[in-house]
Amino acid sequence: MKKKILGFVVLVMAFSLLFSNSLGVMAQEPQEGGDLRIAIGADPESLDPLYAQSSPAAMVMVHMMETLFEMTPDGDIVPLLAEDYDVSDDGLVYDLYLREGVEFHDGEPFNAEAVKFNLERLLDQGAVYSFLIDAITEIEVIDEYTIRIATDEPFAPILAHLSHDFISMISPAAIDADDPSQDAGENIVGTGPFKMDGWNRGEAVLMTRNDDYWGDNAYVDTFSVLIVPEESTRVVMLETGEAHAIMNVPARDVSRLEENPDLTVENVPSLRTLYVGLNNHREPFDDVRVRKAMNYAVDSEAIVEHIIDGAGRPSDAPISPDIFGYSGQEIYQHNPDRARELLAEAGYEDGLEVEFYYPVGRYPMDQTISQAIQSQLADVGIDANMTTMEWATYLEVVGGNEPEDVEHDMYFLGWGTVTGDADYGLYALFHSDEWAPYGNNWHFGDHEGVDELLHEARITPDPDIRQDLYAEAIELIWDDAPWIFLHSISQLNGVRNEVAGLIHHPREHIEAKRAYFIND
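With mature numbering (1 follows the signal peptide of the UniProt record, and there is no 0) applied, the sequence shown covers -27 to -1, 1 to 493.
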């Protein structure tokens, strides 16, 4: 076997390590103790890797659970619970050498058997994100701290996928042996610097410091993630000190908050693209002319300029520009006349009525954006009936049904390509094997030629060839217009200056693992 060097860059970008305070503040001696509170916009749907499927879940999970590898804020894949690895010359077999002396929160040892249990559970029980590791065909324990995984074909993004938060390791003892599919999220047992102390659904996830952590201990005594869907309420909580940090600061409030000497607003590069998925499986969106009309009807540039105040950029691809494999296309310019022409060609000269589902509080200005889209569609004769619901229910309704059971025609969603590799952002969303409810192709698209290109890119080790394959796939997807392509976003996080050491991660985490309070 040959050794490969860890720490390779998987992102075509240069993210900086973002702290919540200046370097001058960071130079102060960290203080132990205190109760840290961060407010986010949506409740996790689950904290069990078997069922988790959104960044609110990941934001919580990274504090209690850990992965074999991790992605740094700079985009490097580095060891975490795995210390090193070897890969065979043919690229089919990986030996992972695990960190010794690590225990789960229940005192059970982390070892090769635990890794085997976790990977097999995710694969055998049909985890929502099992596509991340479904190339693995064999898992073998070599010794207590060596695990071997094998694939039938080379799988270029495998280490990036093993760094994903939804491939986190949890204690096998915490899983019901008679029912391994049971959701263990209410009392999750990981290896991380914080332990679960309770989950009040719709209100808060409560954590306490793990004093037996294998690495550097957290400074704060407790850490709470508060669930606050209303943007304005989160802002007030930040200003009053009820929350020490918040995610998704409304763009309209940034200037005012920046004038407050007690606060800092961090503008964090994000890997997320927002879009409106169109149900390609039935009328009217089984007609590409109607799908293209939707794109011409919606003014993505105006949304970026006037609603999110420039905290993003109009999409010219289904993945953001910072992702390996990105290939920019010509933006669908706002052209209501062209939209009406295409609708008439498709037989909808008198307009049409559609069901539009959207979330509130999950993405920056999501409700305002959805209402703007409704208005722009009305301008070309499309009547969009609007429906919203809380986040966990929204995910189940939008992505949890067979095509024939879906009631909506279009849905507002975002996707963060958090591995930094286009495989995660394209295969998961556009391959025809990934249709809901078993995958993330919730628009039920089957795009000619795309499946073959995405598969070839997965098994090709040469990055230049992979880039060319992704460019071809993106061109086909873009021309097929399965979504209304909106924009990629920047993450606006607000922080009180009495807190230091927070890490603002491009995966849309605010990490509190080494955060601390500053004494006056």
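Heads up, the beta-carbon is just placed ideally off N, CA and C, and yes, glycines get one too.
Assign residue i to one of three DSSP states: helix, strand, or coil.
{"i": "residue 265", "result": "helix"}
{"i": "residue 35", "result": "helix"}
{"i": "residue 398", "result": "helix"}
{"i": "residue -24", "result": "Because residue -24 sits at a pLDDT of 40, beneath the cut-off of 50, its placement in the model cannot be relied upon, and the point is left open."}
{"i": "residue 77", "result": "coil"}
{"i": "residue 213", "result": "helix"}
{"i": "residue 271", "result": "coil"}
{"i": "residue 469", "result": "strand"}
{"i": "residue 311", "result": "helix"}
{"i": "residue 482", "result": "strand"}
{"i": "residue 27", "result": "coil"}
{"i": "residue 116", "result": "strand"}
{"i": "residue 297", "result": "strand"}
{"i": "residue 69", "result": "strand"}
{"i": "residue 319", "result": "coil"}
{"i": "residue 462", "result": "strand"}
{"i": "residue -19", "result": "Legend: pLDDT at residue -19 = 36, less than 50; position of this residue unreliable, value from coordinates given subsequently. Residue -19: strand per DSSP, three-state reduction."}
{"i": "residue 492", "result": "coil"}
{"i": "residue 487", "result": "coil"}
Cβ atoms of residue j and residue i: under 8 Å apart, would you say?
{"i": "residue 329", "j": "residue 365", "result": "no"}
{"i": "residue 12", "j": "residue 19", "result": "no"}
{"i": "residue 179", "j": "residue 171", "result": "yes"}
{"i": "residue 126", "j": "residue 432", "result": "yes"}
{"i": "residue 368", "j": "residue 399", "result": "no"}
{"i": "residue 382", "j": "residue 420", "result": "no"}
{"i": "residue 39", "j": "residue 54", "result": "yes"}
{"i": "residue 309", "j": "residue 378", "result": "no"}
{"i": "residue 150", "j": "residue 114", "result": "no"}
{"i": "residue 235", "j": "residue 470", "result": "yes"}
{"i": "residue 307", "j": "residue 284", "result": "no"}
{"i": "residue 462", "j": "residue 230", "result": "no"}
{"i": "residue 212", "j": "residue 240", "result": "no"}
{"i": "residue 123", "j": "residue 66", "result": "yes"}
{"i": "residue 475", "j": "residue 218", "result": "yes"}
Just confirm the distance between the C-beta atoms of residue i and residue j, as a whole number of angstroms; I'd bet it's less than 8 Å.
{"i": "residue 136", "j": "residue 43", "result": "5 Å"}
{"i": "residue 272", "j": "residue 349", "result": "6 Å"}
{"i": "residue 458", "j": "residue 269", "result": "Contact doesn't hold; Cβ gap of about 11 Å is too wide."}
{"i": "residue 163", "j": "residue 32", "result": "Actually they are not in contact, since the Cβ atoms of residue 163 and residue 32 sit about 14 Å apart, beyond 8 Å."}
{"i": "residue 92", "j": "residue 112", "result": "5 Å"}
{"i": "residue 385", "j": "residue 331", "result": "4 Å"}
{"i": "residue 333", "j": "residue 202", "result": "6 Å"}
If you follow the alpha helix (DSSP H) that residue i is part of, which residue opens it and which one closes it?
{"i": "residue 477", "result": "First-last for residue 477: 476 to 478, but that is the beta strand (DSSP E), not the alpha helix (DSSP H)."}
{"i": "residue 244", "result": "First-last for residue 244: 236 to 251, but that is the beta strand (DSSP E), not the alpha helix (DSSP H)."}
{"i": "residue 371", "result": "364 to 372"}
{"i": "residue 228", "result": "227 to 231"}
{"i": "residue 432", "result": "423 to 432"}
{"i": "residue 134", "result": "131 to 135"}
{"i": "residue 392", "result": "Careful: residue 392 lies outside any alpha helix (DSSP H) and carries neither H nor E."}
{"i": "residue 164", "result": "Unbroken run through residue 164: none, as it is neither H nor E."}
Among the options, which has the Cα closest to the Cα of residue i?
{"i": "residue 443", "options": "404, 474, 155", "result": "404"}
{"i": "residue 302", "options": "400, 121, 309, 287", "result": "287"}
{"i": "residue 320", "options": "465, 362, 352, 266", "result": "266"}
{"i": "residue 491", "options": "52, 395, 477, 473", "result": "473"}
{"i": "residue 70", "options": "63, 59, 76, 211", "result": "59"}
{"i": "residue 498", "options": "138, 145, 226", "result": "Any answer about residue 498 is impossible in this case: the structure gives the chain only from -27 up to 493."}
{"i": "residue 326", "options": "385, 192, 263, 291", "result": "263"}
{"i": "residue 142", "options": "115, 72, 206", "result": "72"}
{"i": "residue 49", "options": "25, 134, 90, 64", "result": "134"}
{"i": "residue 192", "options": "360, 451, 9", "result": "9"}
{"i": "residue 169", "options": "304, 394, 194", "result": "194"}
{"i": "residue 199", "options": "447, 482, 413, 14", "result": "14"}
{"i": "residue 446", "options": "402, 468, 480", "result": "402"}
{"i": "residue 395", "options": "185, 314, 298, 26", "result": "298"}
{"i": "residue 451", "options": "422, 475, 434", "result": "422"}
{"i": "residue 47", "options": "436, 183, 411, 244", "result": "244"}
{"i": "residue 295", "options": "281, 311, 242, 282", "result": "242"}
{"i": "residue 28", "options": "252, 387, 76", "result": "387"}
{"i": "residue 154", "options": "140, 98, 161", "result": "98"}
{"i": "residue 100", "options": "407, 477, 417", "result": "407"}
What span of residues does the beta strand (DSSP E) with residue i cover, start to end?
{"i": "residue 89", "result": "Unbroken run through residue 89 is the alpha helix (DSSP H), 85 to 97; no beta strand (DSSP E)."}
{"i": "residue 418", "result": "Note, residue 418: premise wrong, no beta strand (DSSP E); not H, not E."}
{"i": "residue 359", "result": "355 to 361"}
{"i": "residue 108", "result": "First-last for residue 108: undefined, no H or E at that position."}
{"i": "residue 445", "result": "Premise fails: residue 445 lies in the alpha helix (DSSP H), 436 to 453, not in any beta strand (DSSP E)."}
{"i": "residue 255", "result": "No beta strand (DSSP E) contains residue 255, which DSSP labels as neither H nor E."}
{"i": "residue 348", "result": "Counting along the chain, residue 348 falls outside any beta strand (DSSP E), though it belongs to the alpha helix (DSSP H) covering 339 to 351."}
{"i": "residue 331", "result": "325 to 331"}
{"i": "residue 9", "result": "8 to 13"}
{"i": "residue 42", "result": "42 to 44"}
Quick check: is the beta carbon of residue i nearer than 8 Å to any beta carbon in chain C?
{"i": "residue 218", "result": "The chain inventory of the structure shown lacks chain C, comprising one protein chain alone."}
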